[in-house]
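S.K.: Numbering-wise (the numbering used here), the sequence shown opens with residue 27 and increments by one. All residues carry an ideal CB built from backbone N, CA and C; glycine is no exception.
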Amino acid sequence: MLEVADALKIVVEHARALAPQRLPIREAAGKVLAEPVVSDIDSPPHNKSLVDGYAVRRAEVDGQEAALGVVEEITAGLVPTMAIGAGQAARIMTGAPVPIGADAVVMVERTKLDAAAQPLPRVTIAPHTIPPGGNILPLGAEFRRNDIVLNPKQILTPSAIGLLAEVGRRDVLIQPQPTVAILATGNELVAAHTLPGPGQIRNSNGPLLDALIRSFGGRTIDLGIARDEPESLRTKIAAGLQADVLVVSGGVSAGVLDLVPGVLAELGVKTLFHRIELKPGRPLWCGLYSEGGRERLVFGLPGNPVSSLVCCQLFVRPALAIMAGFPPRGMEKRKGKLAADYAHRGARPTFHPGRLVPEHDNGEVATLPWRGSADLHTLSQADCLIHFHAGNYSLPSGSEVDVYVM
Numbered sequence: 027m028l029e030v031a032d033a034l035k036i037v038v039e040h041a042r043a044l045a046p047q048r049l050p051i052r053e054a055a056g057k058v059l060a061e062p063v064v065s066d067i068d069s070p071p072h073n074k075s076l077v078d079g080y081a082v083r084r085a086e087v088d089g090q091e092a093a094l095g096v097v098e099e100i101t102a103g104l105v106p107t108m109a110i111g112a113g114q115a116a117r118i119m120t121g122a123p124v125p126i127g128a129d130a131v132v133m134v135e136r137t138k139l140d141a142a143a144q145p146l147p148r149v150t151i152a153p154h155t156i157p158p159g160g161n162i163l164p165l166g167a168e169f170r171r172n173d174i175v176l177n178p179k180q181i182l183t184p185s186a187i188g189l190l191a192e193v194g195r196r197d198v199l200i201q202p203q204p205t206v207a208i209l210a211t212g213n214e215l216v217a218a219h220t221l222p223g224p225g226q227i228r229n230s231n232g233p234l235l236d237a238l239i240r241s242f243g244g245r246t247i248d249l250g251i252a253r254d255e256p257e258s259l260r261t262k263i264a265a266g267l268q269a270d271v272l273v274v275s276g277g278v279s280a281g282v283l284d285l286v287p288g289v290l291a292e293l294g295v296k297t298l299f300h301r302i303e304l305k306p307g308r309p310l311w312c313g314l315y316s317e318g319g320r321e322r323l324v325f326g327l328p329g330n331p332v333s334s335l336v337c338c339q340l341f342v343r344p345a346l347a348i349m350a351g352f353p354p355r356g357m358e359k360r361k362g363k364l365a366a367d368y369a370h371r372g373a374r375p376t377f378h379p380g381r382l383v384p385e386h387d388n389g390e391v392a393t394l395p396w397r398g399s400a401d402l403h404t405l406s407q408a409d410c411l412i413h414f415h416a417g418n419y420s421l422p423s424g425s426e427v428d429v430y431v432m
């Protein structure tokens, strides 16, 4: 059986970024840019005042008191109508164009206006040092027309969306989020809203995986429940193979009704690996489906909820990230210290549900009383998985362990 790292390497090698898609910019936030974005304007489009104050000739006011006639008032959105000559100033607001003849702006806090003065209102400038170009952002200082302002592979943050609008883009080419079809299998499963009868259980894996994959950025398609019968599996799996990724829960172990691998093979899905050295999650199956020059990854997750979650976090999550144009991101990994003694037993590495201890600042993590891979109740209280290496050993409280934050 494969080690976890080897299995993950196979998944990463076969995950491919999806074909770029053009979206309106209001729908592009958080996605990965798939084209260079070129500006059609200079920014700023004029010499721009950075403060509210007075546009002046610096030589007349630098380091000395000056009284100047105010020839006009310029607010953002207006264009100056007069050049600034000797002994003159223009009242100006933040963002407004600086008039010709002015080469600095004095902050209003350093001035005093006599609005009743004749023939022009008069502003007195307190003596202070003004650097060349003081409080002016020159035309094109941020970028010039035909400059590339955003590069491919950048994540479109809210600021980047604002920049797209500034340079006149209504839409943009991005790496789309993958669509993920989710299928739960099992004769024992009934829908969540149904009261189970004898031998039945509610389908918890479908909603669990749907929520988990949505949290990764995937777009989900609910295929419902397939019975452990070839025809039921064949019909629903064939439909799921039209998505970018198919995730099947259950039916991949070694029982008499674990029919999923065989049905996948009948439908032309190539096996990449089956079974890995992992607890919980050993029966994990992974394959590749090719049709019309397009490849889809298929994951057969174990049917127990904890196994499904662990395998989805470790393998499906990085694949979806690659398909959306990101690096193969998985769970955040950090070091932690055990809050209590722990004894590990078993030949497989284990990802044990745990909880970070927030009242301590030393990175303590507590193991939860996990009752096996069907224990969804304990899993719902976990905010991390604690990685224990294979073998029989005991770890005292305070031992350093790898923690994967969910």
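(1) Using a Cβ-Cβ cutoff of less than 7 Å, which residues in the same chain neighbour residue 246 once the five nearest sequence positions on both sides are dropped?
(2) Kindly indicate the opening and closing residues of the beta strand (DSSP E) around residue 147.
(3) Starting from the C-beta of residue 374, find all residues in its chain whose C-beta is less than 8 Å away, skip the five residues before and the five after it, and write them out in chain order.
(4) In chain order, which continuous runs of the beta strand (DSSP E) of length 3 or greater are located wholly inside the stretch 362-405?
(5) For residue 68, collect the residues of the same chain with a Cβ closer than 7 Å to its Cβ; drop the 5 residues on either side in sequence, then sort them by chain order.
(6) So what does DSSP say about residue 127, is it helix, strand or coil?
(7) Name the residue from 371, 406, 343, 403 whose alpha carbon lies nearest to the alpha carbon of residue 204.
(8) Do the stretch 114-128 and the stretch 94-104 meet, that is, are 3 or more Cβ pairs less than 8 Å apart?
(9) From this set, 146, 36, 46, 174, which residue's C-alpha is nearest residue 66's C-alpha?
(10) Under the assumption that residue 186 contacts residue 199 (Cβ atoms under 8 Å), give the Cβ distance between them as a whole number of angstroms.
(11) Please state whether DSSP places residue 184 in a helix, a strand or coil.
(12) Which residue comes first and which comes last in the beta strand (DSSP E) that contains residue 275?
(13) May I have the straight-line CA-CA distance separating residue 260 from residue 365, to the nearest angstrom?
(14) Could you compute how far the alpha carbon of residue 419 sits from the alpha carbon of residue 361?
(15) Along the chain, where does the alpha helix (DSSP H) that runs through residue 115 open and close?
(16) Residue 424 by DSSP, collapsed to three states: which one?
(17) Taking its Cβ as the centre, do 16 or more other Cβ atoms sit within 10 Å of residue 48, making it buried, or is it exposed?
(18) Measuring alpha carbon to alpha carbon, tell me which of 62, 229, 372, 410 ends up nearest residue 390.
(19) My output table needs one value for residue 171: the three-state DSSP class, helix, strand or coil.
(20) Please state the DSSP three-state secondary structure of residue 413.
(21) Quick one, are the C-beta atoms of residue 190 and residue 59 less than 7 Å apart?
(22) For residue 199, does the three-state DSSP call read helix, strand or coil?
(23) To the nearest whole angstrom, what separates the beta carbons of residue 314 and residue 323, a pair I think is in contact under 8 Å?
(24) With a Cβ-Cβ cutoff of 7 Å, do residue 132 and residue 151 count as a contact?
(25) Taking the alpha-carbon positions, what's the residue 337 to residue 403 distance?
(26) Determine, using beta carbons only, whether residue 81 and residue 124 come nearer to each other than 7 Å.
(27) Pull up the CB-CB distance for residue 286 and residue 277, whole angstroms please, since I reckon it's below 8 Å.
(28) Please classify residue 70: is it buried, with 16 or more other beta-carbons within 10 angstroms of its beta-carbon, or exposed?
(29) Between the beta-carbon of residue 122 and the beta-carbon of residue 75, is there less than 7 Å?
(30) By how many angstroms is the C-alpha of residue 51 removed from the C-alpha of residue 327?
(31) Can you tell me where the alpha helix (DSSP H) with residue 334 in it begins and where it stops?
(32) Below 8 Å on the Cβ atoms is my guess for residue 359 versus residue 428; work out the distance and round it to an integer in Å.
(33) Got a sec, what are the start and stop residues for the alpha helix (DSSP H) residue 220 sits in?
(34) Pull up the distance between the alpha-carbon of residue 120 and that of residue 63, whole angstroms please.
(35) In three-state terms, what does DSSP make of residue 72?
M.R.: Here's the rundown:
(1) What you label residue 246 is simply residue 220 of the sequence shown in a count that begins at 1. So the qualifying residues of the chain are 206, 208, 236, 239, 240.
(2) Reading the sequence shown from its first residue, position 121 is the one you call residue 147. From DSSP, residue 147 is part of no beta strand (DSSP E); its letter is neither H nor E.
(3) Here residue 374 is taken as the residue at index 348 of the sequence shown, counted from 1. 303, 304, 305, 308, 416, listed in sequence order.
(4) The stretch 362-405 contains these whole beta strand (DSSP E) runs: 368-370, 376-382, 390-393.
(5) Position 42 of the sequence shown holds residue 68. Closer than 7 Å at Cβ, skipping near neighbours: 165, 166, 170, 171.
(6) Position 101 of the sequence shown, counted from the first residue, corresponds to residue 127. Assignment of residue 127 by DSSP, reduced to helix, strand and coil, places it in the coil class.
(7) Translated into the one-based positions of the sequence shown, residue 204 becomes position 178. 343 is the residue among 371, 406, 343, 403 whose C-alpha sits nearest the C-alpha of residue 204.
(8) Yes: the two stretches touch, three or more of their Cβ pairs being nearer than 8 Å.
(9) Residue numbering aside, residue 66 sits at position 40 when the sequence shown is read from its first letter. Its Cα nearest to that of residue 66, the residue 174 stands out among 146, 36, 46, 174.
(10) Position 160 of the sequence shown, counting from 1, holds the residue named residue 186. Position 173 of the sequence shown, counting from 1, holds the residue named residue 199. About 13 Å separates the two Cβ atoms, so there is no contact after all.
(11) Against the sequence shown, residue 184 aligns to sequence position 158. Note: residue 184 maps to helix in three-state DSSP.
(12) Taking the sequence shown and counting its residues from 1, the one referred to as residue 275 is at position 249. Residue 275 -> beta strand (DSSP E) spans 271-275.
(13) Sequence index remark: in the sequence shown, residue 260 carries index 234 (1-based). Sequence index remark: in the sequence shown, residue 365 carries index 339 (1-based). Their Cα atoms are separated by approximately 48 Å.
(14) Walking along the sequence shown from the start, residue 419 turns up at place 393. Walking along the sequence shown from the start, residue 361 turns up at place 335. When rounded, the distance between both Cα atoms is 19 Å.
(15) Looking up residue 115 in the sequence shown gives position 89. No alpha helix (DSSP H) contains residue 115, which is instead part of the beta strand (DSSP E) from 114-118.
(16) As a working mapping, residue 424 is identified with position 398 in the sequence shown. Under the three-state reduction of DSSP output, residue 424 falls in the coil class, being neither helix nor strand.
(17) Numbered from 1 along the sequence shown, position 22 holds the residue referred to as residue 48. Burial is judged here by how many other beta carbons sit within 10 angstroms of a residue's own beta carbon; residue 48 has fewer than 16 and is exposed.
(18) Here the question's residue 390 lines up with position 364 in the sequence shown. Closest option to residue 390, Cα to Cα, is 410.
(19) Sequence index remark: in the sequence shown, residue 171 carries index 145 (1-based). Coil.
(20) Numbered from 1 along the sequence shown, position 387 holds the residue referred to as residue 413. Residue 413 falls in the strand class under three-state DSSP.
(21) Position 164 of the sequence shown, counted from the start, is the residue given in the question as residue 190. Position 33 of the sequence shown, counted from the start, is the residue given in the question as residue 59. Result no, Cβ atoms of residue 190 and residue 59 do not sit closer than 7 Å.
(22) The count along the sequence shown starts at 1 and reaches residue 199 at position 173. Here residue 199 sits in strand by DSSP.
(23) Within the sequence shown, numbered from 1, the residue matching residue 314 stands at position 288. Within the sequence shown, numbered from 1, the residue matching residue 323 stands at position 297. Right, the Cβ-Cβ distance comes to about 6 Å (below 8 Å), so this counts as a contact.
(24) Taking the sequence shown and counting its residues from 1, one reaches residue 132 at position 106. Taking the sequence shown and counting its residues from 1, one reaches residue 151 at position 125. If you check the CB distance, residue 132 and residue 151 come in under 7 Å.
(25) Counted from its first residue, the sequence shown places residue 337 at position 311. Counted from its first residue, the sequence shown places residue 403 at position 377. Each residue's alpha carbon lies about 18 Å from the other.
(26) Here residue 81 refers to the residue found at position 55 when the sequence shown is read from its first residue. Here residue 124 refers to the residue found at position 98 when the sequence shown is read from its first residue. Yes, the Cβ-Cβ distance between residue 81 and residue 124 is below 7 Å.
(27) Position 260 of the sequence shown holds residue 286. Position 251 of the sequence shown holds residue 277. Confirmed, about 4 Å.
(28) Residue mapping note: residue 70 aligns to position 44 of the sequence shown, counting from 1. Residue 70 is buried by the Cβ-count criterion.
(29) Your numbering for residue 122 matches position 96 in the sequence shown. Your numbering for residue 75 matches position 49 in the sequence shown. Yes; because the gap between Cβ atoms is below 7 Å, this pair is in contact.
(30) Translated into positions along the sequence shown, residue 327 becomes position 301. Translated into positions along the sequence shown, residue 51 becomes position 25. In a straight line, the C-alpha of residue 327 is about 36 Å away from that of residue 51.
(31) By one-based count along the sequence shown, residue 334 stands at place 308. Here the alpha helix (DSSP H) through residue 334 covers 331-337.
(32) Taking the sequence shown and counting its residues from 1, the one referred to as residue 359 is at position 333. Taking the sequence shown and counting its residues from 1, the one referred to as residue 428 is at position 402. Contact between residue 359 and residue 428 holds, since their C-beta atoms are separated by about 6 Å, short of 8 Å.
(33) Taking the first residue of the sequence shown as position 1, residue 220 is located at position 194. Per DSSP, residue 220 lies in no alpha helix (DSSP H) and is assigned neither H nor E.
(34) Position 94 of the sequence shown holds residue 120. Position 37 of the sequence shown holds residue 63. Going by the C-alpha atoms only, they are around 28 Å apart.
(35) Numbered from its first residue, the sequence shown carries residue 72 at position 46. It is coil, neither helix nor strand.
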